[in-house]
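Here the sequence shown is numbered in our numbering, starting from -11 and rising by one per residue.
Where is the CB? At the ideal position from N, CA and C, for every residue including glycine.
All of these numbers come straight from a predicted model, not from anything done at the bench.
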Amino acid sequence: MKTVIQKIEQYSLQKELSTEERRKAGRQTFLARDTNTQEPVVVKIIRLDQAIHTADQWVELKLFERESNILQTLDHLALPKYKDAFETDVEGIRSFVLVQSYLEADSLEALLQSGRRFSESEVLDIAKQLLTTLHYLHMQVPPVVHRDIKPSNILIGSSKEIRSSKDSADDHVGDVYLIDLGSIHTELTKESDTITIVGSYGYIPLEQFAGQAVPASDLYSLGMTLIYLVTGTHPADMAHINGKVQLPSHSVQPAFTRWLEKMTHPSLNQRIESAEQALAMLEAKEHNQGHYQHLKPEGTEIVVERTRDRLRISIDKPKSRLPRQAGNGVFALTYIVALFYFPVLLFNILPLTFALKIGIVVVSYVPVLRFIVMPLSLVLRAGVESSLSCYFRSRPNSNQQQTIVEIDRKQGIRTGTQRKDRTAVEWDQRTSRYEALDLLAYNPGYKFNSYKEGDNTVTQSKGGVPPELSVHAGTLSYPIGHSRLSAAEFWWLGQELSDFLDLELQTIYPMPIVTVAATSTGGCGC
């Protein structure tokens, strides 16, 4: 085993990389060479001078130890790799040393200070690469939160080790690395954390000021970094309204602007939740189909169209229930006719005594109903339903109506009806200003359960209140969709509306209206 002296001599320090601020805190970073492998490495040293102990030194030591421990558990091309760590004396001062791989790249901050500017496609490439890295960190168990994403902690290299095969060479800015993992936070370190604020002014979200750090906190910092890239203005110097950074209207494409606004929303509830979701939204081919396409249920016919200032929802009106009702009627009628006609038929065609006829009817009654009448009734029901469905689909005006809900930030909300074969919309007279919209509510509905004491069974009745999603402007209510939408469809539309209106989706459970029948048989199955 190597001694401490041998470990120190193994690394030949060549150039100091640390900032003046870090040097004052007793922490230095050097570019060095491993004399055994001749490979470049990064050597980080933190000194604990007993004569000048400060609170900052202890904070730096804790972050230093955390970086060392976390690096040993990570393995990703865009992150530095752990090489070695040990304790020693440097110039008579107790010191801790961390050795990690060297990434041959320039910091984003240095590139910006040198006058480098990035195109929108290059910024998109940086965003995608960093989101992939963050997804890896956040998927660790427990999730690893960086907490200090900013241009000086992002490196841009020229190699092609990390580049995805689907990336365009023209848009690829180079390999993007994330460094300085000392501020990393996990659930395991939460208990030992003090109130010390970790992060950089202009890039730190509000929740970190309260000591809370979640994966979405990194998304905020990344979003602010990207805003710096596209505007050339430090986030701390940009205008904010209600905590929201105000992007210049023509700085980037509208779809990218909306995405950045979601990344940097001051409220955790309104911010993009995960790196995976952010990446999916960024890579979506159709940017005008809403921000929550990942929530769109499979097979739904609802169409959502969205731009920065307008949201339009098109929902097919409920299909006629006549085919199903007619099929059920044919099934019931066939069964009832067979139920009464079968004994009569047997009595008339069998040349037997009355007693024998009664016996045959009793013995064969159930099997005939089960194996002949039941399959025949089902076939007839299916045929009737299919025929009527085809008939309604062939009619020019059948199932061609759509309910349209359109919300415009300048013109407000309006609803109407549109034929699928026409472009014109018949708008209702009722409208409300966008500023007047003050509530987004979802009522999941309820049905009554009926309890039968005789056989101890609980059945769900047909009565109750259907589910409803609605937008409110004072006393006016604008329903979204109809009662036959699934819970998944309501949830998807609720999230899109909540995001666009900047209103929290309120789930409302109204007091059930108890009928006499419900009171006598059971309770509410909410």
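Three-state class that DSSP yields for residue i in the structure shown
i       : result
ARG54   : helix
PRO28   : strand
ASP487  : helix
GLU4    : strand
ILE114  : helix
PRO223  : helix
LEU516  : Coverage of the chain is limited to positions -11 through 514, which leaves residue 516 absent and any answer about it impossible.
SER109  : helix
ASP94   : strand
LEU235  : coil
GLU492  : coil
LEU169  : helix
GLU289  : coil
HIS519  : Nothing about residue 519 can be reported from this structure: the residues present for the chain run from -11 to 514 only.
ILE144  : strand
ARG418  : strand
PRO467  : strand
TYR(-1) : strand
GLN281  : helix
THR76   : strand
Local Cβ density within 10 Å of residue i, reported as buried at 16 or more and exposed below that
i      : result
ARG104 : exposed
THR463 : exposed
LEU1   : exposed
THR7   : exposed
PRO68  : buried
THR515 : Outside the shown range of the chain, which is -11 to 514, sits residue 515, and nothing can be said about it.
TYR280 : buried
GLY80  : exposed
THR445 : exposed
PHE197 : exposed
VAL133 : buried
ASP487 : buried
Distance, residue j Cα to residue i Cα
i      : j       : result
ILE32  : HIS160  : Strictly speaking, residue 32 in this sequence is Lys, with Ile absent from that position. Distance between the alpha carbons of LYS32 and HIS160 is about 31 Å.
ALA93  : ASP168  : 14 Å
LEU59  : TRP46   : 20 Å
VAL30  : GLN16   : 10 Å
PRO131 : ILE(-4) : 34 Å
SER458 : ILE34   : 58 Å
ILE183 : LEU36   : At ILE183, the pLDDT of 49 sits below 50, so the modelled position is not reliable; the number obtained from the coordinates is stated separately. One C-alpha to the other measures close to 22 Å.
GLU492 : ASP206  : 22 Å
LEU118 : LYS305  : 43 Å
TYR497 : VAL393  : 24 Å
ASN141 : ARG21   : 22 Å
THR25  : LEU481  : 58 Å
LEU86  : GLU53   : 9 Å
ILE144 : ASP163  : 6 Å
TYR422 : THR405  : 20 Å
PRO193 : PRO203  : 11 Å
LEU166 : LYS398  : 41 Å
THR411 : GLU456  : 27 Å
LYS273 : ARG298  : In this prediction, LYS273 has a pLDDT of 49, which is less than 50 and means its spatial position is unreliable; nothing more can be read from the coordinates.
ALA212 : ALA268  : The sequence shown places Met at residue 212, not Ala. Spanning the two alpha carbons is a distance of roughly 19 Å.
ARG82  : GLU75   : 8 Å
GLN389 : ARG472  : 15 Å
ARG407 : LEU125  : 49 Å
ARG418 : GLY400  : 11 Å
7 Å CB neighbourhood of residue i in its chain, flanking five on each side removed
i      : result
SER188 : ASP136, LYS138
VAL292 : GLN277, GLY278, ILE301, GLU484
GLY554 : There is simply no residue 554 to check, as the chain begins at -11 and stops at 514 in what is shown.
TYR216 : PRO139, HIS222, PRO223
TRP415 : ARG402, GLY404
In DSSP terms, what residue i is bridged to
i      : result
GLY211 : Looking at the DSSP assignment, GLY211 forms no beta bridge with any residue, so it has no partner.
ASN431 : GLU456
TRP46  : Answer is none; TRP46 lacks a bridge partner.
ILE517 : This structure does not reach residue 517, given that the chain is present from -11 up to 514, and the question cannot be answered.
GLY400 : ASP396
LEU299 : ARG294, ILE395
LEU36  : ARG82
SER89  : VAL29
Cut-off 6 Å between Cβ atoms - residues of its own chain near residue i, not counting five sequence neighbours on either side
i      : result
SER153 : For SER153, the predicted model reports a pLDDT of 43, less than 50, meaning its position is unreliable; a value from the coordinates is still stated below. Hits under 6 Å: none found.
VAL240 : GLU108, VAL218
ALA461 : SER420, ALA424, LEU425
MET226 : VAL233
ILE303 : ILE290, THR391, GLY469
PHE527 : Absent from the model: residue 527. The displayed extent of the chain is -11 to 514, so no value can be given.
ALA476 : PRO285
GLN494 : ALA429
LEU235 : THR245
THR121 : ALA66, LEU166
Same chain, Cβ closer than 8 Å to residue i, neighbours up to 5 away in sequence not counted
i     : result
LEU49 : ILE34, LEU36, PHE84
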